[in-house]
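Here the structure comes first, spelled out in structure tokens, and everything after it is commentary.
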Amino acid sequence: MNILGISAYYHDAAACLVVDGEIIAAVQEERFTRKKHDSDFPVNALQYCLAEAKLTPGAIDYVVFYDKPFLKFERIFETYLAFAPKGFSSFITSLPVWIKDKLFQKSVILNALKENFGNEIDWTEKLLFSEHHLSHAASAFFPSPFEEAAVLTMDGVGEWATTSLAVGHGNQLTVKNEIHFPHSLGLLYSALTYYTGFKVNSGEYKVMGLAPYGEPRFVNLIKDNLIDIKEDGSFHLDMRYFNYCTGLTMTNENFDKLFGAPPRKAESTLTQREMDIAASIQAVTEEVVIKLAQGIRKSTGLKNLCLAGGVALNCVANGKLLRKGIFDNIWIQPASGDAGGAIGAALAACYLMLHQPRKVDASDSMKGAYLGPEFNQTDIEQRLVRIGARFEKVTDAELINATAQALADGKAVGWHQGRMEFGPRSLGARSIIADPRSASVQKQLNLKVKYRESFRPFAPSVLREDVTEWFEIDADSPYMLLVADVAKGKQLEMTEDQKNLFGIDKLNVPRSQIPAITHVDYSARIQTVHKKTNPKYHALISKFKELTGCPVVVNTSFNVRGEPIVCTPEDAFNCLMGTDIEFLTIGNCILRKEDQDKSLIKDYKNAYTLD
């Protein structure tokens, strides 16, 4: 049974192919179009999925869309009626777009399938629709290593649900409870993201990264006015402070009065106030997530928990949830946002509609999230020759040795190997890597390679077998979705003067033997590297350990600010020539910056719209 899953028309369009219950391929459309968070119908992603499995469009049994557009239209329409006459002008302006994009979305999808994959195929018979939160829940449970588990999904909003609890057993999944729009933990976090001057649906992780620089002095203000949190984690928002139901902004004048100022303007100077707000909403989010988990454990009695939805990408909350020990085991879908809905939609059809048998993998069924395109050596060389790149072809052993030495020498390295990752994180297939022992690497990578805000933290990739020596965690974290502290024995004690520093001034204080990945609160967002899922990356870090004694490297996504993660060899070369990356590997090719034709240097700093 060949099933395609699709996510599209909101943000992060993606496609996934499931064959007889096995995830064969999954990729976001943005990686092909080079338009970050591309929401258009994922033509390129679908074409890749078919090509990866060597299938023709006619071989597809079902195409499953990740939510139900008519229900979403119903929610939007009823919301405006509930708040009428407020927002009437916005309603009149938006109605034609909603009718086209929601009410008649089935026709839009069918037309796109016919136009791109064959008008002679009866796509009407093949097209199915899942519910948004069911898609998230299915993406979390069915690929998980659990025969049974509780499933918690949290995001902005789907059709009506914003938070849901489901229970999975074998090939069955049942939604038990939901919290409905407009009461949404994801939208509350997005409202504070908007208020602190970052973009909604892309800047939330910046707020999470900014939080350790601040003090949570607004927690009581938020809990006393914006959100009422019950003991079981359920919650209710006071909508007098929000504008997202009927307006074009997340917050309103009441919100401004409550916090004593208008929203920060984008790209303006960050102040201690924004850092304190970030710390506060992060603390509130963690409280809700932990209380929800406690309530779920009590009500279900299950020992395993699966997470999905955009809030599940909050790795700081995930790390605290793990340390609480509420559940014996936690598994988080690496593509927890809307892109992962494509996987969930396909798997929901496979198991819940077609009742296919489910095989549980002891690690998980995501294949390390390495589900995207890869390029064979001949193709790589031909592509590099066509664009005028100068490279050296080497053996696997030579590649590992030279790259490890480049890292030890302090070079910023582009690492383009194997199948591209699915989801928002680079996991050692499309990564920029560096030496974590350098105190200057974080600032240099942010300002000269990534062209992004200096406060943004970097993550460590660490050999799974060495993780307990370097970090306060003993668990698999292959998808960079758990935060833990650097091990006490690796931390550096701060002086009294350093402890009294505020805000960004804390950034320049080395806090451990691996300062490039140690955040200001001694934490790090950890990726454990496993020989089974990424043997080449594992071999590289092992060689770096042999040279330096350190089994850790800095790992950040292979892109600049505003750019999707690189997909092709050409994308990687462009990034080399537009940044201060000094050493690039693509397959068994090594490219050194100093060897390249200077006429190919690009102005990459201004090439993409800021995210």
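Following the numbering used here, the numbering of the sequence shown begins with 13 at its first residue and continues without gaps.
Glycine included, C-beta positions come from ideal geometry on N, C-alpha and C.
Query, Result
"When R309, Y22, Y534 and F467 are compared against W482, the one with the closest alpha-carbon", "Y534"
"Local Cβ density within 10 Å of G561, reported as buried at 16 or more and exposed below that", "exposed"
"Other residues of its chain near K332: CB distance less than 6 Å, five sequence neighbours each side excluded", "E298"
"Within the segment 356-406, ranges of the alpha helix (DSSP H) (whole runs, at least 4 residues)", "389-398"
"Cut-off 6 Å between Cβ atoms - residues of its own chain near G599, not counting five sequence neighbours on either side", "Q389 and I392"
"Three-state class that DSSP yields for F467 in the structure shown", "coil"
"Sheet register partners of C28 (DSSP bridge)", "G17 and A38"
"Buried versus exposed call for S147 [16 or more other C-beta atoms within 10 Å across all chains shown]", "buried"
"Which of helix, strand or coil DSSP assigns to M432", "coil"
"Identity of the residue in K455, E286 and K47 nearest G272 by Cα", "E286"
"Buried versus exposed, by CB contacts within 10 Å (16 or more), M13", "exposed"
"First through last residue of the alpha helix (DSSP H) which encompasses R285", "Q284 to T312"
"Close beta carbons around R468, own chain, < 6 Å, minus the five adjacent residues each side", "G221 and N458"
"For S473, the residue or residues it bridges with in DSSP", "Q539 and V565"
"Exposure of N512, with buried meaning 16 or more beta-carbon neighbours within 10 Å", "exposed"
"contact_flag[the segment 403-420, the segment 537-547] where n(CB pairs < 8 Å) is 3 or more", "no"
"Of the listed residues N520, L62 and V372, nearest to S466 (C-alpha basis)", "N520"
"Cut-off 7 Å between Cβ atoms - residues of its own chain near Y257, not counting five sequence neighbours on either side", "It is worth fixing the name first, because residue 257 is Cys in this sequence and not Tyr. Closer than 7 Å at the Cβ level, and outside the excluded window around C257, lie T91, F95, P194 and M251."
"Contact under 7 Å by Cβ, A451 with L559", "no"
"Endpoints, the alpha helix (DSSP H) within which E127 is located", "Q117 to F129"
"CB-CB length for E433 against K48, believed under 8 Å", "Not quite, the Cβ-Cβ distance comes to about 15 Å (not below 8 Å), so this is no contact."
"Euclidean distance between Cα positions of T480 and C327", "18 Å"
"Per-residue DSSP class, three states only, for S554", "helix"
"7 Å Cβ cutoff met for I485 and V566", "no"
"Distance between Q429 and G440 (C-alpha atoms, nearest Å)", "8 Å"
"Cβ contact check for the segment 330-348 and the segment 361-374: 3 or more pairs under 8 Å", "no"
"Candidates R464, G400, G349 and Y253, of which the one nearest N571 by Cα", "R464"
"Residues near V461 by beta carbon distance below 7 Å, same chain, minus five either side", "A424, I444, T591, D592 and I593"
"Straight-line Cα distance separating S246 from R276", "30 Å"
"Unbroken alpha helix (DSSP H) run spanning H148, endpoints", "H144 to F153"
"Residue environment, E171, which counts as buried when at least 16 other CB atoms sit within 10 Å", "buried"
"Collapsed DSSP secondary structure at E589 in the structure displayed", "Per the sequence presented here, residue 589 reads as Met, with Glu not at that position. The answer is helix: DSSP assigns M589 an H, G or I state."
"N255 beta carbon less than 7 Å from that of N266", "no"
"I602 versus K610 - alpha carbon distance", "17 Å"
"Bridge partners - G180, DSSP secondary structure assignment", "A161 and L185"
"Proximal residues to D615 (C-beta, below 8 Å), its chain only, five neighbours per side dropped", "G590"
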